[in-house]
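Colleague: Structure in structure tokens, see below.
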């Protein structure tokens with residue numbers, strides 16, 4: 001028996017909006033520690049890892065570990081039927097072939113339930129090694145989204161370079177080229193507006209902008225984003241989800257042949 | 001032109 005009650009149901013709606021274009025089908029894993037998902041995109045270039053910790057739910061009952069295969073397009077259709085202020089409860093029986101999403105309006109005067117069929121999905125769980133990153137950049141998520149969107153109008157790939165001077169985003173295409181440099185700044189008023197760079201050594205990596213733009217659909221989940229980079233390793237783009245967890249995107253760099 | 005590699009190949013190298 002599984003029963004997870006999330007008071008801030010809009011978080012789940014936002015999570016689905018953030019990942020449904022990257023991944024079509026995925027297994028949601030439920031255990032004592034939380035509700036999680038790990039899935040790769042169809043080209044095996046990017047991976048998304050979601051964690052919603054059990055203590056972030058108002059009520060969290062998971063009698064035994066459960067893996068539920070869901071089509072994210074269909075799940076998103078159902079969650080779109082929940083109001084932004086609704087409380088969402090996810091219910092499933094052990095060994096059952098469906099999951100139920102229950103939506104309650106804040107004043108409790110409307111209750112809906114939507115049952116969705118589960119599916120069998122063969123997925124390999126990728127063990128991502130713990131690594132020390134050469135550079136970690138924390139910046140406003142809206143700024144990162146803006147840069148990715150702007151540069152994708154010029155080119156297909158972006159070179160992200162971190163040095164002691166700041167983080168530089170560069171692209172070039174048929175019509176020309178562009179560079180955006182964000183320097184470290186400290187905002188006294190609002191930590192969310194800060195750009196903070198922790199660097200052990202300079203790093204420069206090339207990525208397909210198409211994927212980074214897809215990741216920025218998670219911008220609504222967090223005011224800040226963290227980019228963790230090491231030489232010749234996938235970048236980790238992380239959005240914290242309030243007090244409850246995180247969504248991390250891993251993207252393989254492009255390497256000179 | 002830089003080539004796009006598979007994500008798992010990077011982690012396999014570690």
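Residue numbers (our numbering), protein chains in the order written: chain A, 1 to 257; chain B, 1 to 14. C-beta atoms are modelled at their ideal positions from N, C-alpha and C, and glycine is treated no differently.
Between residue 231 of chain A and chain B, is any beta-carbon pair separated by less than 8 Å?
Modeller: no
Colleague: If we define contact as Cβ-Cβ less than 8 Å, is residue 39 of chain A a contact residue for chain B?
Modeller: Not closer than 8 Å to any Cβ of chain B, the Cβ of residue 39 of chain A fails to qualify, so no.
Colleague: Would DSSP call residue 148 of chain A helix, strand or coil?
Modeller: helix
Colleague: Apart from the five residues on each side of it in sequence, which residues of its chain come closer than 7 Å, Cβ to Cβ, to residue 62 of chain A?
Modeller: 2, 30, 31, 32
Colleague: Can you check which of these residues, A:20, A:85, A:42, A:193, is closest to residue 11 of chain A by C-alpha distance?
Modeller: A:85
Colleague: On the premise that residue 79 of chain A lies in contact with residue 16 of chain A, defined as a C-beta separation below 8 Å, what is that separation, rounded to the nearest angstrom?
Modeller: 5 Å
Colleague: Could you tell me the distance, in whole angstroms, from the CA atom of residue 206 of chain A to the CA atom of residue 253 of chain A?
Modeller: About 5 Å.
Colleague: Against chain B, does residue 129 of chain A count as a neighbour if the rule is that its beta carbon must be under 8 Å from one of theirs?
Modeller: yes
Colleague: To which residues of the same chain is residue 113 of chain A closer than 6 Å at the C-beta, ignoring the five residues directly before and after it?
Modeller: 100, 102
Colleague: For a contact meaning CB atoms closer than 8 Å, what does residue 206 of chain A contact in chain B?
Modeller: 2
Colleague: Relative to the C-alpha of residue 69 of chain A, which residue among A:53, A:192, A:27, A:108 is closest?
Modeller: A:27
Colleague: In chain order, what residues of the same chain lie with their CB nearer than 8 Å to the CB of residue 106 of chain A, ignoring the 5 residues before and after it?
Modeller: If we look at residue 106 of chain A and ignore the five residues flanking it on each side, its Cβ neighbours are 85, 86, 87.
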